[in-house]
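Peer 1:
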Amino acid sequence: MFINRAFIFLVINIFLIVIYNGTSLSQDQEFISDQKLSLERIVVIATPEGNPLAIILNPKEAQLPLPASDGADYLKTTPGFAVVRSGGANGDPAFRGQFGSRLNLLTNGGVILGSCPNRMDSPSSYISPESFDQITIIKGPQTVLYGGGASGATIRFDRLPPSYDEFTAKAEVGFLAGSYGRLDEYIDATLGDANVYARLNANHGRSSDYKDGDGQKVPSAWEKWNVDLALGWTPHKNAVIEFSAGGGDGEARYAARGMDGSRFKRESFGLRFENREISTVLTKLEGAFYYNHADHVMDNYHLRKPSGTMPMPMWSNPTRTVYGGRLAATISLGEKTRLTNGLDAQFDRHDASSTASPKRRKDLEIDKIGLFSELKTEVSPNNVIIAGLRGDYAKAKDFRVLPANYSAYERERHNVLPSAFIRYERSFEGIPLQTYIGLGYTERFPDYWELTQVKNFPRGMTPTLFRVFPDLKPEKTGQLDIGFQYKTDNLDLWLSGYAGVIKDYILFKQETTVGMMGTTINSRTQNVDARTFGGELGASYLFVKKLRLSGSLAYAYAKNTDEDKPLPQIPPLEAKFSADYQTQNSRAGVLWRVVAKQDRVAINEGNVVGRDFSQSRGYGVFSIYAGHKFADRLNISAGVDNLFDSTYSEHLNLAGNSGWGYPANVRINEPGRIAWVKLTAVF
């Protein structure tokens, strides 16, 4: 408690100093050169760069609320994103209510997938956002360049190759300390010249159990580390070849699960190249090849004591290997037209061992090969058309042990999956306005979690549910996307809206059976038809070049039209309001996040991550922050999240586990007041 109050006192004093010092500084002062450390920006509401369909973020910028423990935590600053929460780390991101493989998530052009049958180790849990240079979010099925099936969004985490004219050595280091034992350290160091370079990214983070606003401890401790090394060769200014290797590990305990994660081991290798301006026709040739292996261990005795429905020590060790590559060539069809053609492939292998079955056994293989073509042409000044076409061939093979009386079960399935989109973008002469309208269609092959989601098969029930693997249909999404952005030096106003029709939406349903053996929960997947609409709206206004007021609104609606009821796990209406006061060397601000209640639910339905088990209440959370640049190479920032120590829980939430003493269907509360301070230095 004393530490919390001390941090609050520190932040409030920095806040007052910023405001006091700001009155004596010229409004016309500029930030220092990029060669030195500028005042660290703190992201409170992520806003579009370019247009509201494609958002570009700098993950090295601090975000509020802090701290971001993984990729999902950072994405939630962007309007429209939410996270399925189960404790302190490793949540699962959702965009506009879309989960899992509806979001194409790539790191340096590669794909890493978690191995837990219940997505305890979501793909984003293996991502440390500060080790990347850029996050690109493309909303909806509005690109075909980076894989098929992305009905929700395509999300790229990229490290950009450095470029030097002479020998250069530099490093950025950061340290963060906060409430509940939170400590983060990271380093990003680069060494190179005009021909070669080497880059090291390393980070380590940890946190103890947090307490909610009522002072109740929530099992949520975690620790993780990552190390990545890249070696590059730049034979000339327009070409680069890079080899990378990395690894990481961690552990986390969960208030909402029957087991904790005692291993999140990652091994990654990559090779990528790019050559630009090869000729007047061939403007770019690029390729990326990757290998990612996730070795995950869950148990009920490493970070807790066996209890409740699992009184004996138990463990499970699933692993996942994903490897593949991508080749693409961009050619010029005149001064105003570019065509990108290419192919990509992904090979996915999953196996597991456990207490009940110690011998490691492969259970599923999924292979995908895709061809794509995307055209961008300026049909007239300020008018651009972008269109794409893609075809994917997907094959899955099932190796699971099935009931003896089901010998006719199909062990292999194949699907051909088309995708296409067309988008019109327009800007206006003399008016700082950009608009777009796009129509997209994509088919998504069922993923590992959807194909294998038949569990705890009770006695006496016919085995027809095992036909999920051969009979589950691919998901087909047609969506209209519209939006605009009006941007001046002082005003930024933007809107991004969508309306979609989904045929054969893959829905998870849970059924409870009570019998002599006790209560059994059975989970299965099925296809339904659905429709969706919603969008994101944002605005910000800069007063006298110092005070910026911002706000955003995100809303998602989805309906199961087959059964005339809501689709489950749709986040409620959410608004954010912020005020940010900035001078040349200092800044301070506040963020107020307001979330409405969600009464559109489908009880015991959802996805592999979570399900609707009740309506949720609305809430508001208020946070403050401040920062100061003490020297050209040193930044300090500090803040208090949930300043008023509110007790609240997210709608997207796993129910508390009885092993920790939670009654059935009780939501996991979010942290109470968290104070933090962060130092960043560049050498």
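When we follow this note's numbering, the leftmost residue of the sequence shown carries the number 106, and every step to the right adds one.
Each residue gets a CB set at the ideal place from its N, CA and C atoms; glycine is no exception.
Quick one: what does DSSP say Leu612 is sitting in, helix, strand or coil?
Peer 2: Looking at Leu612 - three-state DSSP - the assignment turns out to be strand.
Peer 1: Per the DSSP calculation, Ser728 is bridged to which residue(s)?
Peer 2: Ser728 is bridged to Leu696.
Peer 1: Which one or two residues does DSSP pair with Phe648 in a beta bridge?
Peer 2: Answer is Leu652.
Peer 1: Ordered along the chain, which non-local residues of its own chain (more than five positions away) have a Cβ less than 8 angstroms from that of Thr128?
Peer 2: For Thr128, the predicted model reports a pLDDT of 37, less than 50, meaning its position is unreliable and no value from the coordinates is stated.
Peer 1: With distance defined between alpha-carbon atoms, name the residue in Tyr591, Ile741, Pro776 and Leu759 nearest to Val278.
Peer 2: With distances taken between Cα atoms, Val278 lies closest to Ile741.
Peer 1: Check whether the stretch 215-227 and the stretch 711-728 are in contact - that is, three or more C-beta pairs closer than 8 angstroms.
Peer 2: Judged by Cβ distances under 8 angstroms, the stretch 215-227 makes contact with the stretch 711-728, as three or more pairs qualify.
Peer 1: Classify Gly496 as helix, strand or coil using the three-state DSSP reduction.
Peer 2: Strand.
Peer 1: For Asp586 and Glu391, I'd like the C-alpha separation in whole angstroms.
Peer 2: Approximately 29 angstroms, taken between the alpha carbons.
Peer 1: If contacts are defined as beta-carbon pairs under 8 angstroms, then Trp78 and Phe727 qualify, I think. What distance do you get, rounded to the angstrom?
Peer 2: No answer is possible for residue 78: it lies beyond the span of the chain, which begins at 106 and ends at 788.
Peer 1: Using the C-alpha atoms, what's the distance from Lys165 back to Gly732?
Peer 2: Rounded to whole angstroms, Gly732 to Lys165 spans 15 angstroms at the Cα level.
Peer 1: Express the C-alpha separation of Arg362 and Trp420 in angstroms, rounding to a whole number.
Peer 2: Cα-Cα distance, rounded: 13 angstroms.
Peer 1: Expressed to the nearest angstrom, what Euclidean distance is found between the alpha-carbon atoms of Thr666 and Gly297?
Peer 2: Roughly 58 angstroms separates the two Cα atoms.
Peer 1: Spatial neighbours of Ala274 within its chain, please: C-beta separation below 7 angstroms, excluding the five flanking residues on both sides.
Peer 2: Answer for Ala274: Leu296, listed in chain order.
Peer 1: Can you look up Phe550 in the DSSP assignment and give me helix, strand or coil?
Peer 2: It is coil, neither helix nor strand.
Peer 1: With Pro423 as the anchor, note down where its beta strand (DSSP E) starts and where it stops.
Peer 2: Run containing Pro423: Trp420 to Ser437, per the beta strand (DSSP E) assignment.
Peer 1: Run through DSSP, which three-state label would Leu757 get?
Peer 2: In the structure shown, Leu757 sits in coil (DSSP, three-state: anything other than H, G, I, E or B).
Peer 1: Just to confirm, is the Cβ distance from Ala177 to Leu208 under 8 angstroms?
Peer 2: It is not a contact, given that the beta carbons lie outside the stated cut-off.
Peer 1: Decide yes or no for the touch test of the stretch 182-195 against the stretch 322-341: beta carbon pairs closer than 8 angstroms, at least 3 of them.
Peer 2: With a cut-off of 8 angstroms, the stretch 322-341 and the stretch 182-195 count as touching, because enough Cβ pairs lie within range.
Peer 1: In this structure, how does DSSP classify Ser349 when only helix, strand and coil are distinguished?
Peer 2: Correct three-state label for Ser349: strand.
Peer 1: Identify the continuous alpha helix (DSSP H) that holds Leu180 and give its terminal residues.
Peer 2: Note, Leu180: alpha helix (DSSP H), Gly176 to Leu180.
Peer 1: Name the DSSP bridge partner or partners of His401?
Peer 2: Note: His401 sits in a beta bridge opposite Phe369.
Peer 1: I need the DSSP call for Ser763, collapsed to helix, strand or coil.
Peer 2: Three-state result, Ser763: helix.
Peer 1: What residue from Gly761, Phe749, Gly764 and Gln689 has the CA that sits closest to Asp319's CA?
Peer 2: Minimum Cα distance to Asp319 is reached at Phe749.
Peer 1: Within this structure, are the beta carbons of Glu440 and Asn487 separated by less than 8 angstroms?
Peer 2: No, Cβ-Cβ distance for Glu440 and Asn487 is not below 8 angstroms.
Peer 1: Between which two residues does the alpha helix (DSSP H) containing Pro575 stretch?
Peer 2: Counting along the chain, the alpha helix (DSSP H) containing Pro575 begins and ends at Val573 to Asp576.
Peer 1: Mind checking Gly413: buried by the 16 CB within 10 Å criterion, or exposed?
Peer 2: Flag for Gly413 reads exposed.
Peer 1: With distances taken between CB atoms, is the gap from Arg803 to Pro324 smaller than 8 angstroms?
Peer 2: The structure shown does not extend to residue 803, since the chain spans only 106 to 788, so no value can be given for it.
Peer 1: For the stretch 199-214 against the stretch 387-404, are there 3 or more C-beta pairs whose distance is under 8 angstroms?
Peer 2: Segments in contact, yes.
Peer 1: Measuring only the C-alpha atoms, how far is Met415 from Asn422?
Peer 2: Taking the straight line joining both Cα atoms gives about 17 angstroms.
Peer 1: State the beta-bridge partners of Phe204 as determined by DSSP.
Peer 2: Paired residues: none, contrary to the question.
Peer 1: Hey, how far is the Cα of Asp805 from the Cα of Leu288?
Peer 2: Given a span of 106 to 788 for the chain in the structure shown, any question on residue 805 remains unanswerable.
Peer 1: Curious, which full-length beta strand (DSSP E) runs of at least 3 residues does the stretch 246-298 contain?
Peer 2: Runs of the beta strand (DSSP E) inside the stretch 246-298: 258-263, 273-283 and 287-297.
Peer 1: For the candidate residues Gln689, Ser657 and Ser191, whose alpha-carbon lies nearest to that of Ala736?
Peer 2: Closest option to Ala736, Cα to Cα, is Gln689.
Peer 1: Can you give the Cα-Cα distance for Gln239 and Ile675, rounded to whole angstroms?
Peer 2: For Gln239 and Ile675, the distance between alpha carbons rounds to 28 angstroms.
Peer 1: Quickly, what does DSSP pair Leu748 with across the bridge? List them, please.
Peer 2: DSSP, once it has assigned bridges, lists no residue as partnering Leu748.
Peer 1: If contacts are defined as beta-carbon pairs under 8 angstroms, then Tyr753 and Asn774 qualify, I think. What distance do you get, rounded to the angstrom?
Peer 2: Right, the Cβ-Cβ distance comes to about 7 angstroms (below 8 angstroms), so this counts as a contact.
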